[in-house]
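Visitor:
There are 4 protein chains.
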Amino acid sequence: MAEEITPELAELVLDAQPFSRLVRARVAVFEPGRAVLEVEVRDELLQQNGFLHGGVLSYAADNALTFAGGTVLGASVLTSGFSIEYLRPGRGSLLSARAHVLESTRRRAVCRCDLVMVDDGSERIVAAAQGTIALVG
Amino acid sequence: MAEEITPELAELVLDAQPFSRLVRARVAVFEPGRAVLEVEVRDELLQQNGFLHGGVLSYAADNALTFAGGTVLGASVLTSGFSIEYLRPGRGSLLSARAHVLESTRRRAVCRCDLVMVDDGSERIVAAAQGTIALVG
Amino acid sequence: MAEEITPELAELVLDAQPFSRLVRARVAVFEPGRAVLEVEVRDELLQQNGFLHGGVLSYAADNALTFAGGTVLGASVLTSGFSIEYLRPGRGSLLSARAHVLESTRRRAVCRCDLVMVDDGSERIVAAAQGTIALVG
Amino acid sequence: MAEEITPELAELVLDAQPFSRLVRARVAVFEPGRAVLEVEVRDELLQQNGFLHGGVLSYAADNALTFAGGTVLGASVLTSGFSIEYLRPGRGSLLSARAHVLESTRRRAVCRCDLVMVDDGSERIVAAAQGTIALVG
Numbered sequence: 197m198a199e200e201i202t203p204e205l206a207e208l209v210l211d212a213q214p215f216s217r218l219v220r221a222r223v224a225v226f227e228p229g230r231a232v233l234e235v236e237v238r239d240e241l242l243q244q245n246g247f248l249h250g251g252v253l254s255y256a257a258d259n260a261l262t263f264a265g266g267t268v269l270g271a272s273v274l275t276s277g278f279s280i281e282y283l284r285p286g287r288g289s290l291l292s293a294r295a296h297v298l299e300s301t302r303r304r305a306v307c308r309c310d311l312v313m314v315d316d317g318s319e320r321i322v323a324a325a326q327g328t329i330a331l332v333g
Numbered sequence: 197m198a199e200e201i202t203p204e205l206a207e208l209v210l211d212a213q214p215f216s217r218l219v220r221a222r223v224a225v226f227e228p229g230r231a232v233l234e235v236e237v238r239d240e241l242l243q244q245n246g247f248l249h250g251g252v253l254s255y256a257a258d259n260a261l262t263f264a265g266g267t268v269l270g271a272s273v274l275t276s277g278f279s280i281e282y283l284r285p286g287r288g289s290l291l292s293a294r295a296h297v298l299e300s301t302r303r304r305a306v307c308r309c310d311l312v313m314v315d316d317g318s319e320r321i322v323a324a325a326q327g328t329i330a331l332v333g
Numbered sequence: 197m198a199e200e201i202t203p204e205l206a207e208l209v210l211d212a213q214p215f216s217r218l219v220r221a222r223v224a225v226f227e228p229g230r231a232v233l234e235v236e237v238r239d240e241l242l243q244q245n246g247f248l249h250g251g252v253l254s255y256a257a258d259n260a261l262t263f264a265g266g267t268v269l270g271a272s273v274l275t276s277g278f279s280i281e282y283l284r285p286g287r288g289s290l291l292s293a294r295a296h297v298l299e300s301t302r303r304r305a306v307c308r309c310d311l312v313m314v315d316d317g318s319e320r321i322v323a324a325a326q327g328t329i330a331l332v333g
Numbered sequence: 197m198a199e200e201i202t203p204e205l206a207e208l209v210l211d212a213q214p215f216s217r218l219v220r221a222r223v224a225v226f227e228p229g230r231a232v233l234e235v236e237v238r239d240e241l242l243q244q245n246g247f248l249h250g251g252v253l254s255y256a257a258d259n260a261l262t263f264a265g266g267t268v269l270g271a272s273v274l275t276s277g278f279s280i281e282y283l284r285p286g287r288g289s290l291l292s293a294r295a296h297v298l299e300s301t302r303r304r305a306v307c308r309c310d311l312v313m314v315d316d317g318s319e320r321i322v323a324a325a326q327g328t329i330a331l332v333g
């Protein structure tokens, strides 16, 4: 990412990730301290019981955490690690991964992400993530 | 999963997950206390710098942990939550997600997973995961 | 904990934990969806560089998460697991572990906890935790 | 810690932590890639049901992970973050927190810790932790 990151630039970064294109994630919000990634649910993203696969949730959490960290740390960041707690099956037509920076230093940001399933306007948190984003190098 | 799970059955379960087919994961090992999932690296699975996307690592960790838990808890299991620590960029031609059950009770199993990148026979751990798998219902 | 838990009862539960008495933790807030534990910093709780020991932070996070879960799940709860990210050394005269329930089902609650160091009225988040609290039995 | 850390030096470091003295932890093993901390169970360390308090387990996990990381990273290390999964109540007369380095780079080590309760020679894993230890500065 470049030092000054705009939502358009964030979308370009996401689009430069082949795996994000495979999942078809998009940047919905990208502003200081906050990033939201969205994924429309389609058959390819499900698990054997018809719910959104946990791997899609963890992918989205990971990426949204990194993008949120990027809004304050800028440029070159990576996820050191994160944890995710699953609470409910992922039902709905849209996954909204809403991440924010809880607190940051010059080199690291602790971020949290709510994994929200949206369906016909109703919303429900189905999982929650937290992780540390670090400046590279 | 059925009560008595064979490697063949595990492969069928994985194949019944559309997202696992999208990623093209396969079951390499499935035996009491241990499960290994493998994913061949291809362009679609990369991030913007040419490394395996973290989301593929977290997908594989999540699923391998669940499968490992399934080897001892049988039938209906899900991942309550897990954490993953990234240590190095994912370089190589094959991702091998090697999970094992550390300890279990009748209803829960604590499992760990080494995320190993394989390239020309050499291997390197690039990330590590740990989580709790629980019996459903 | 009893089904209907008042702040007074929560304080009694905390006081019935010998380790919490050793640390000298107290319940500062206990209301639906939220629990705050406080620990006054004293020499016994430090590490070798004069900061609050990480173990005190993880103790407080663990307990505050459990108490927060208890505000919605009532009675018999335990922490299934949690993760904690450290951001800064723990400096200050008071640790305030502020936990809330992000989302819950009948049997489980995903909770988060901000670990805040207070000093002369100024506050700073030094660590962050997240975990799952479950009904026992 | 000094660059070349001996078990004796590790014990001195632990003893320089007032909170570790309060808990009465000791270094049982300290060798390249591995560190074991032990805590004898006594009334002061229990929770309200007579089991070892989760906070003692998380303290021991945190510290053992850091010490294990210190065996390979040397000198100045700290825990970036860790996660812990609880599987059983902590029953027994001795807690043995057995940590090892799974993999490390020059600046970071991913470590795991088995939390084992020992009683009359029998042993049982009651919790498991994993975290990242980083070089300071």
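Chains as they are written, first to last, in my numbering: chain A, 197 to 333; chain B, 197 to 333; chain C, 197 to 333; chain D, 197 to 333. Just so it is clear, CB atoms sit at the ideal spot from N, CA and C, and this is done for glycine as well. Note that the structure is predicted; figures quoted are calculated from it, not measured.
1) Suppose you measure from the CA of Ile201/C to the CA of Gly270/C; what does that come to, to the nearest Å?
2) Name, going along the chain, the residues of the segment 298 to 319 of chain A whose beta-carbon falls closer than 8 Å to a beta-carbon of chain C.
3) Name the chain A residues whose beta carbon is nearer than 8 Å to that of Arg249/B?
4) Here's the rule: buried if 16 or more other CB atoms are within 10 angstroms of the residue's CB, otherwise exposed. What is Thr189/C?
5) Looking only at its chain, what residues have a beta carbon closer than 8 Å to the beta carbon of Glu281/A, apart from the 5 residues adjacent to it on each side?
6) Give the C-beta separation of Ser272/C and Leu331/C to the nearest angstrom, bearing in mind that I take them to be a contact with Cβ-Cβ under 8 Å.
7) From the DSSP output, which residues share a beta bridge with Tyr282/D?
8) What residue does the beta strand (DSSP E) around Leu291/D start on, and which one ends it?
9) Here's a check: name, in chain order, each residue in its chain whose Cβ is nearer than 8 Å to the Cβ of Asp258/B, leaving out the five neighbours to either side.
10) Can you name the residues of chain B whose CB is closer than 8 Å to the CB of Ser279/C?
11) When the Cα atoms are used, what is the spatial distance from Leu210/C to Ser216/C?
12) Can you give me the Cβ contacts of Glu204/C inside the same chain, cut-off strictly under 6 Å, excluding the 5 residues immediately before and after it?
13) Listing by chain order, which chain A residues have their CB less than 8 Å from the CB of Ser276/B?
14) Using the DSSP secondary-structure output, state which residues sit across from Thr328/B in a beta bridge.
15) Go ahead and label Gly317/D buried or exposed: buried means 16 or more other beta carbons lie within 10 angstroms of its beta carbon, across all protein chains shown.
16) Using a Cβ-Cβ cut-off of less than 7 Å, list which residues of the segment 216 to 250 of chain D approach chain C; keep chain order.
17) Please classify Val185/D: does DSSP put it in a helix, a strand, or coil?
18) How should Arg238/B be labelled, buried or exposed, when 16 other C-beta atoms within 10 angstroms of its C-beta is the threshold for buried?
19) Return yes when the Cβ of Phe263/B is within less than 9 Å of the Cβ of Ala212/B, no when it is not.
20) Between the Cα of Val312/A and the Cα atoms of Ser289/A, Gly246/A, Ala305/A, which residue gives the shortest distance?
21) What are the start and end residues of the beta strand (DSSP E) that includes Arg217/D?
22) If the criterion is Cβ atoms closer than 9 Å, does the pair Ile329/B and Ala305/B meet it?
23) With a 10 Å radius around its C-beta and 16 neighbouring C-beta atoms as the bar for buried, classify Gly246/D as buried or exposed.
24) Looking at the unbroken beta strand (DSSP E) that takes in Leu205/B, where does it start and where does it end?
25) Examine chain B for any beta-carbon lying closer than 9 Å to the beta-carbon of Thr262/C, and answer yes or no.
26) Using a Cβ cut-off of 9 Å (strictly closer), state whether Ala198/B contacts chain A.
27) Taking only beta-carbon atoms, is Ala295/B less than 9 Å away from chain D?
28) Report the rounded CA-to-CA distance for Ser254/C versus Leu218/C, giving the unit in angstroms.
29) Using 9 Å as the limit for Cβ to Cβ distance, is Gly327/B near chain D?
30) Within the same chain, show all residues whose beta-carbon is closer than 7 Å to that of Val225/D, passing over the 5 residues directly before and after it, in chain order.
31) Are His296/A and Pro214/B touching if we call contact CB-CB under 9 Å?
32) My understanding is that Val169/A touches Ala256/A, with C-beta atoms under 8 Å, so please give their C-beta distance in whole angstroms.
33) Is the beta carbon of Leu344/B less than 9 Å from the beta carbon of Glu299/D?
34) With 9 Å as the threshold, decide whether the Cβ of Val273/A is near any Cβ in chain B.
Guide: Checking against the coordinates, here is how it stands:
1) 7 Å
2) Leu298, Glu299, Ser300, Thr301, Arg304, Val306, Arg308, Asp310
3) The question names Arg, but residue 249/B is His in the sequence shown. Ordered by position in chain A, the residues that pass the 8 Å Cβ test against His249/B are Gln213, Pro214, Phe215, Ser216, Tyr255.
4) Because chain C spans 197 through 333 in this model, residue 189/C falls outside it and cannot be assessed.
5) Ala323, Ala324, Ala325
6) 7 Å
7) Ala323/D
8) 290 to 300
9) Thr275, Phe278, Ala325, Gly327
10) Ser279
11) 6 Å
12) none
13) Glu281, Tyr282
14) Gly277/B, Val306/B
15) exposed
16) Leu218, Asp239, Glu240, Leu241, Leu242, Gln243, Gln244, His249, Gly250
17) Residue 185/D is absent from the structure shown; chain D starts at 197 and stops at 333.
18) exposed
19) no
20) Ser289/A
21) Counting along the chain, Arg217/D falls outside any beta strand (DSSP E), though it belongs to the alpha helix (DSSP H) covering 214 to 219.
22) yes
23) exposed
24) From DSSP, Leu205/B is part of no beta strand (DSSP E) but of the alpha helix (DSSP H) over 203 to 211.
25) no
26) Low local confidence applies: a pLDDT of 41 at Ala198/B is under 50, so the model's placement there is unreliable, and no value is given.
27) no
28) 15 Å
29) yes
30) Ala231, Val232
31) no
32) Nothing can be reported for residue 169/A: it is not among the residues displayed for chain A, which extend from 197 to 333.
33) Residue 344/B is absent from the structure shown; chain B starts at 197 and stops at 333.
34) no
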